[in-house]
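Asker: Please find one structure pasted underneath; my questions will follow.
Number of protein chains: 4
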Amino acid sequence: MTDQPSPPRGRPRDPKSHAAVLDAAFTVLEREGYAATTIERIAAQAGVAKQTIYRWWKGKAPLFMEVLARKANQSVQLPDTGSFQGDLTALLTGTFAAVSTTLRPLMRALAVELLQDEEFAGAMRDVFVQRRRANVRALVQQAIGRSELPVDTDVELVCDLVFGIMWYRLMFDHAPLDKCAARQIACAATAAAVQNNV
Amino acid sequence: MTDQPSPPRGRPRDPKSHAAVLDAAFTVLEREGYAATTIERIAAQAGVAKQTIYRWWKGKAPLFMEVLARKANQSVQLPDTGSFQGDLTALLTGTFAAVSTTLRPLMRALAVELLQDEEFAGAMRDVFVQRRRANVRALVQQAIGRSELPVDTDVELVCDLVFGIMWYRLMFDHAPLDKCAARQIACAATAAAVQNNV
Amino acid sequence: MTDQPSPPRGRPRDPKSHAAVLDAAFTVLEREGYAATTIERIAAQAGVAKQTIYRWWKGKAPLFMEVLARKANQSVQLPDTGSFQGDLTALLTGTFAAVSTTLRPLMRALAVELLQDEEFAGAMRDVFVQRRRANVRALVQQAIGRSELPVDTDVELVCDLVFGIMWYRLMFDHAPLDKCAARQIACAATAAAVQNNV
Amino acid sequence: MTDQPSPPRGRPRDPKSHAAVLDAAFTVLEREGYAATTIERIAAQAGVAKQTIYRWWKGKAPLFMEVLARKANQSVQLPDTGSFQGDLTALLTGTFAAVSTTLRPLMRALAVELLQDEEFAGAMRDVFVQRRRANVRALVQQAIGRSELPVDTDVELVCDLVFGIMWYRLMFDHAPLDKCAARQIACAATAAAVQNNV
DNA sequence: TTCTAAGCGAGACGGTACGTCCAGTCTTCGT
DNA sequence: ACGAAGACTGGACGTACCGTCTCGCTTAGAA
């Protein structure tokens, strides 16, 4: 029994408007900051009616979630340098490069939303956070396979360690997220993973 | 020559209003969530005119900063268990207890603000963040004194590791900040600190 | 080439809101007096958002100007009793009847505004004042046509005399604007018009 | 037995403040218009506390009433040119000179108040309006004494005619209040007074 | 072709909160 | 007791967005 999602009747969604809204959202966010990023401004910037935004997104949060998806969809191919620390350094270098430039305003914006809306926090967690954590988990499994890390390594703690620092620096801006940071954090994570006699 | 800050003229600030606003801010935040916490509602709850709030605070951000100061001013006395890991576990246990209960809504609220306002982010960093980091720094110094940790331990990284995870869990709520978490994080931090051959 | 005032786009103005605001303005004015007649109260009384008032009127002054236009739009048909004094008495009797009852609060309200705003005073002068003066001017021309008044009668002075007294009594309330007043003023105006050897 | 109005105790009223307020009121009124003439601005301009104004006056209305009293207190000495029309022309010339220059903003300001407050309207009527009308009444009596006008001349109507036009022109500014106007109005008033066969 | 359904730009609508201003009152210190 | 300073409650201001609701006009597949 196929689940027919009803035959598409009426005028189909205009892909130009769709794209224009996503672009406008990002543009306004970058130019004016999130506090000034209202639906009205996005609509104006996109040359689109407000209703067209509300028709397709419930609010700013899901809209920016899609913007982030657009910008961050390039599937990361996992590195394999031979050592866990090397792999992690490579992964984080790439991640941090994106996160500290293009994605930075987006992630901060989404953080604002998820801090105020439990439901949206759940959605974000299930989509973006898990995706990134999965990469690290994979590296850990790889290292366990190589017997580089103990089988009972606390994977979640390693993930928390890595992404905790990342978000912390994204929020407070007190230290950079550059290549050097990637190396240091990978080192710390490795040490923590190895010595995981909880 | 003492710096006389001008003799106090006019009617002095009413301490009752002052306290009522701080209490009301916290009450409304807890009861209705930060999204619904408007200046108007706080004023109504406090039985105070809006102007009285605007006279003393520039907006919600500085107001809640003072609320947090009130709630978090109890000076933590540093533990001395004999080992760095023990000390850190003790410190974090106390910190997490506060942060995951009373302070939780406050810290999330302030995060919302600092993510949208660079200037306020700076203020928060200089006051609260530094205060908490100072505690950890002190423990690290203690441990270095005991030759438990190398003299060139990367103190800042240790701090980032600890508070990164704390904020990360505060934001996404994907794991608790309980006694067990304190122990695990202390363990990871110790491992990272010892093995700090950057 | 007709002057196309642009095709109407977007949702058209809601005539119900329009009427509700005008009615509410009048109601509140009558019930609470002009000092208490705020835009907010009018909006509340009309069951309308404040913005809907500000969208269509610049402030209380133009709003009440339209209210007055509504109430006073019945075109007066000029009397023709055979004598100037009779005509004027008839005209003033009708005018005073309206002005001392329904229109009274409106005219006082508009006076408040025009006394504080030169620009609005100009608008009022060009619309309402001129309309009323035109009636008297027409009567004077009629009388000149009948050789009842000299050709060089100072029409403007006659208008000033008549409406001067009307406004003066509207302001200070020291004497009525009834049928008797109409007769007396018509008599005085006639005497002044005849004897106009400046 | 002297009527001691209670022995003056405490610090007596500061005449400098008193004068400063009156001056400031007039200054602000002239410089910024009545709409912008708030008690706060007057107090600031006078270098006086708001309370000092509220202690001595109930509001703007009575305050400006006193300002007007200051400016208009020069007792007019009634002219006696031999004819009613001449006398009236002389009186009005002087009155109009003051009313169309210095007193203009004050009278418009007071008109705003009395239009919104019946009680204050009464006060104004009993003081200023009556004072001015008394002058005209005296001229009429003089003329009756000279048998220039009938004994049953409608004095009140003559007053209304004269001051009606004056206020009307003050409000709408459609015609000047100059010497010429005085002459014309005196002429019209005389004609109306003579022909007063009501 | 005509009909029907939905998308779309435009913009009015009822609301809510903003941050400011002023009204009047109250409280403190100094004269 | 008066006066200057200025904090206080209260309430209206005019503006900005929210999210919803008509409008007239496409733009498609179905009849």
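Protein chains in written order, with the UniProt record's numbering: chain A, 1 to 198; chain B, 1 to 198; chain C, 1 to 198; chain D, 1 to 198. Glycine included, each C-beta is placed from N, C-alpha and C at the ideal position.
Please report the residue range of the alpha helix (DSSP H) in which Asn135(D) lies.
Answerer: 130-145
Asker: Going by the CB atoms, is the gap between Phe64(C) and Leu114(C) shorter than 8 angstroms?
Answerer: Contact check for Leu114(C) against Phe64(C) fails: the beta carbons are separated by 8 angstroms or more.
Asker: Measure the beta-carbon distance from Ala61(B) to Asp117(B) and round it to whole angstroms, keeping in mind my assumption that it falls under 8 angstroms.
Answerer: 6 angstroms
Asker: Quick one: does Asp154(B) have its CB under 8 angstroms from some CB of chain A?
Answerer: yes
Asker: Between which two residues does the alpha helix (DSSP H) carrying Arg70(A) extend?
Answerer: DSSP places Arg70(A) inside the alpha helix (DSSP H), whose first and last residues are 60-71.
Asker: Given that Leu172(B) touches chain A, what residues does it touch there, using C-beta distances under 8 angstroms?
Answerer: According to the sequence as given, residue 172(B) is Phe; it is not Leu. Those are Leu114, Ala121, Met124, Arg125, Val129, listed as they occur along chain A.
Asker: Would Ala191(C) and Gln74(D) be called neighbours here (beta carbons separated by less than 8 angstroms)?
Answerer: Taking a C-beta distance under 8 angstroms as the contact criterion, Ala191(C) and Gln74(D) do not qualify as a contact pair.
Asker: Return no unless some Cβ of chain C is closer than 8 angstroms to the Cβ of Phe84(D).
Answerer: Not closer than 8 angstroms to any Cβ of chain C, the Cβ of Phe84(D) fails to qualify, so no.
Asker: For Cys180(C), count neighbouring C-beta atoms within 10 Å of its own C-beta (all shown protein chains included) and say buried if the count is 16 or more, exposed if not.
Answerer: exposed
Asker: In this structure, does DSSP put Ser83(A) in helix, strand or coil?
Answerer: coil
Asker: Taking only beta carbons into account, state which residues of the UniProt DNA-binding region "H-T-H motif" (38-57) of chain A come closer than 7 angstroms to chain B, listed in chain order.
Answerer: Within the UniProt DNA-binding region "H-T-H motif" (38-57) of chain A, no residue has a Cβ lying closer than 7 angstroms to any Cβ of chain B.
Asker: What is the DSSP secondary structure of Ala175(C), reduced to helix, strand or coil?
Answerer: coil
Asker: Whose C-beta lies closer than 6 angstroms to the C-beta of Arg108(D) among residues of the same chain, with five residues either side of it excluded?
Answerer: none
Asker: Using only the alpha-carbon positions, how far apart do Glu40(A) and Ser100(A) sit?
Answerer: 28 angstroms
Asker: If you reduce the DSSP assignment to three classes, tell me which class Leu78(C) lands in.
Answerer: coil
Asker: If you follow the alpha helix (DSSP H) that Ala33(D) is part of, which residue opens it and which one closes it?
Answerer: At residue 33(D) the sequence reads Gly, which differs from the Ala that was named. Here Gly33(D) belongs to no alpha helix (DSSP H), and DSSP marks it neither H nor E.
Asker: Starting from the beta carbon of Gly33(A), find every residue of chain B whose beta carbon is closer than 8 angstroms, and list them in chain order.
Answerer: For Gly33(A), the neighbours in chain B by C-beta distance under 8 angstroms run, in chain order, Gln116.
Asker: If contacts are defined as beta-carbon pairs under 8 angstroms, then Val76(D) and Gly94(D) qualify, I think. What distance do you get, rounded to the angstrom?
Answerer: 6 angstroms
Asker: Taking 8 angstroms as the cut-off, decide whether the C-beta atoms of Phe96(D) and Leu177(D) are in contact.
Answerer: With respect to the 8 angstroms criterion, Phe96(D) and Leu177(D) are classified as neighbours on the basis of their beta carbons.
Asker: Looking only at C-alpha atoms, which of Ala46(B), Ser17(B), Arg13(B) sits nearest to Leu29(B)?
Answerer: Ala46(B)
Asker: For chain B, check one thing: does any of its Cβ atoms lie closer than 8 angstroms to the Cβ of Arg137(A)?
Answerer: no
Asker: Give a yes or no on whether the C-beta atoms belonging to Leu160(B) and Tyr168(A) are separated by under 8 angstroms.
Answerer: For the record, residue 160(B) in the displayed sequence is Asp; it is not Leu. It is a contact, given that the beta carbons lie within the stated cut-off.
Asker: Let me see if you follow: with CB-CB separation under 8 angstroms, is Asp160(B) close to chain A or not?
Answerer: yes
Asker: Distance check for Phe26(A) and Ala19(A), CA to CA, integer angstroms please.
Answerer: 11 angstroms
Asker: With burial defined as no fewer than 16 other Cβ atoms inside 10 Å of the residue's Cβ, what is the status of Asp14(C): buried or exposed?
Answerer: By the neighbour-count rule (16 or more Cβ atoms within 10 Å), Asp14(C) is not buried but exposed.
Asker: Rounded to the nearest angstrom, how far is the Cβ of Ala111(D) from that of Met171(C), given a contact under 8 angstroms?
Answerer: 7 angstroms
Asker: Report the neighbours of Ile144(A) on chain B: residues whose CB is nearer than 9 angstroms to its CB, in chain order.
Answerer: Simply none; closest approach about 17 angstroms.
Asker: Leu92(B) touches chain A at which residues, Cβ-Cβ below 8 angstroms?
Answerer: Below the 8 angstroms Cβ cutoff, chain A contributes no neighbours of Leu92(B), its closest Cβ being approximately 13 angstroms away.
Asker: Could you work out which residues of chain C lie near Ala192(D), taking near to mean beta carbons separated by less than 7 angstroms?
Answerer: Ala188, Ala191, Ala192
Asker: Report buried or exposed for Asp126(C), applying the criterion of at least 16 other Cβ atoms within 10 angstroms of its Cβ.
Answerer: exposed
Asker: In the structure shown, what three-state DSSP assignment does Gly164(C) receive?
Answerer: helix
Asker: Rounded to a whole number of angstroms, what is the C-alpha to C-alpha distance between Gln51(D) and Thr52(B)?
Answerer: 20 angstroms
Asker: On a Cα-Cα basis, can you pick out the residue from Leu92(D), Val67(D), Leu22(D), Arg11(D) that is closest to Leu78(D)?
Answerer: Scanning Leu92(D), Val67(D), Leu22(D), Arg11(D) for the CA closest to the CA of Leu78(D) turns up Leu92(D).
Asker: What do you reckon, are the CB atoms on Ala123(D) and Asp173(C) nearer than 8 angstroms?
Answerer: no
Asker: Determine, for Leu149(D), whether the minimum Cβ-Cβ distance to residues of chain C falls below 8 angstroms.
Answerer: no
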